[in-house]
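The structure under discussion appears below in the form of structure tokens.
2 protein chains.
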Amino acid sequence: METFIRTISSLNDETRVLILRFLDLHGGLCVCDLQQSLGMIQSRLSRHLKILKDGGFLKVERAGAWSIYSIRSPLDRFRLECLEEIRCLDIELPLLKKLSDKGCKI
Amino acid sequence: METFIRTISSLNDETRVLILRFLDLHGGLCVCDLQQSLGMIQSRLSRHLKILKDGGFLKVERAGAWSIYSIRSPLDRFRLECLEEIRCLDIELPLLKKLSDKGCKI
DNA sequence: GGAATATATCAATATATCTTGATGTTTAAT
DNA sequence: ATTAAACATCAAGATATATTGATATATTCC
Chain A
1 METFIRTISS LNDETRVLIL RFLDLHGGLC VCDLQQSLGM IQSRLSRHLK ILKDGGFLKV
61 ERAGAWSIYS IRSPLDRFRL ECLEEIRCLD IELPLLKKLS DKGCKI
Chain B
107 METFIRTISS LNDETRVLIL RFLDLHGGLC VCDLQQSLGM IQSRLSRHLK ILKDGGFLKV
167 ERAGAWSIYS IRSPLDRFRL ECLEEIRCLD IELPLLKKLS DKGCKI
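Read top to bottom, the protein sequences are chains A and B. Per our numbering, numbering of the first sequence is gapless, rising by one per residue and ending at 106. Per our numbering, numbering of the second sequence is gapless, rising by one per residue and ending at 212.
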């Protein structure tokens, strides 16, 4: 039950659904890219990314100073169904501003 | 997005998952039966039942003074997947105390 | 019609969650 | 070594959600 609620509650927020959709579309991104693209402050993003990770949807990989967040793979059946449902949502997605390539300076 | 969040948030509560599981197991029940079986007060149940209905998981049918709540059928693919996931949870289910047959007197 | 049952809703309080700004911690560049 | 970037975490305030008891609305039975 605990795990189920943690999984569900990780989706129970528009910000997190947006983040998930954005990472699903663009693949792994660092926090500073998400910051730029989604126009959110860092602490807010970090928090939501952690919740999505604890919910089993994301994984993190350290690359130097960067934390690269991406959709965990493989997702189990249920989480994949959730992701499929999110893919069908009509969400206004911002453009990707990938500054990390040129050296991100927030 | 709005509908998705409403669906997800309706599952984001242990009480509601329990109610859903209980109705899934026993079929349609009135509020007073749920009250007896789950040991909850009426206002609390009414609230959660409404949220599950608004989340698209339950339907209500009036039968005289009683409101019979049951799993909505057919469920769409995503809600069905959610229900399947809930069926797999290890939940301690109370016994059914169906007093409505003999005339429920709360 | 009047009393009692079943349910819904409201108001107040308690609890949890989200947002922001501040503060740590680690890594990279010089 | 120092400085700065990238990220995590914490504390405080704001917002949302849950619980309870009280009240309102049907409906049934007499």
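Idealized CB from N, CA, C, for every residue including glycine. Remember, predicted model here, so these are calculated numbers, not experimental data.
Alpha carbon to alpha carbon, how far is residue i from residue j?
| i | j | result |
| --- | --- | --- |
| R168/B | Y175/B | 9 Å |
| D54/A | I197/B | 22 Å |
| I108/A | H154/B | Residue coverage of chain A in this structure runs from 1 to 106, which leaves residue 108/A outside it and unanswerable. |
| D76/A | L195/B | 15 Å |
| G28/A | F4/A | 25 Å |
| S116/B | L164/B | 11 Å |
| E191/B | R87/A | 20 Å |
| L83/A | D207/B | 43 Å |
| Q141/B | M107/B | 33 Å |
| L151/B | C136/B | 11 Å |
| R21/A | E14/A | 11 Å |
| K67/A | E81/A | Note on identity: in this sequence residue 67/A is Ser, with Lys being the wrong assignment. Spanning the two alpha carbons is a distance of roughly 26 Å. |
| G64/A | N118/B | 36 Å |
| V60/A | S43/A | 16 Å |
| P74/A | P180/B | 29 Å |
Taking its Cβ as the centre, do 16 or more other Cβ atoms sit within 10 Å of residue i, making it buried, or is it exposed?
| i | result |
| --- | --- |
| I41/A | exposed |
| R122/B | buried |
| L93/A | exposed |
Can you list, in chain order, the residues of its chain whose CB lies under 7 Å from that of residue i, leaving out five sequence neighbours each side?
| i | result |
| --- | --- |
| K98/A | D33 |
| G162/B | T113, R178 and R185 |
Just the chain B side, please: which residues come within less than 8 Å of residue i by C-beta, in chain order?
| i | result |
| --- | --- |
| M1/A | E120, V123, L195, D196 and I197 |
How would you list, in chain order, the residues of chain B whose beta-carbon sits under 7 Å from the beta-carbon of residue i?
| i | result |
| --- | --- |
| I8/A | I114, L117 and N118 |
| F78/A | E187 and E191 |
Kindly list the residues whose CB is nearer than 6 Å to the CB of residue i, restricted to its own chain and excluding five residues on each side of it in sequence; keep chain order.
| i | result |
| --- | --- |
| L202/B | H132 and S143 |
| I51/A | S10 |
| G39/A | none |
| D130/B | I177 |
For residue i, go through chain A and note every residue whose CB falls closer than 9 Å to its CB, in chain order.
| i | result |
| --- | --- |
| I111/B | L11, N12, D13, E14 and V17 |
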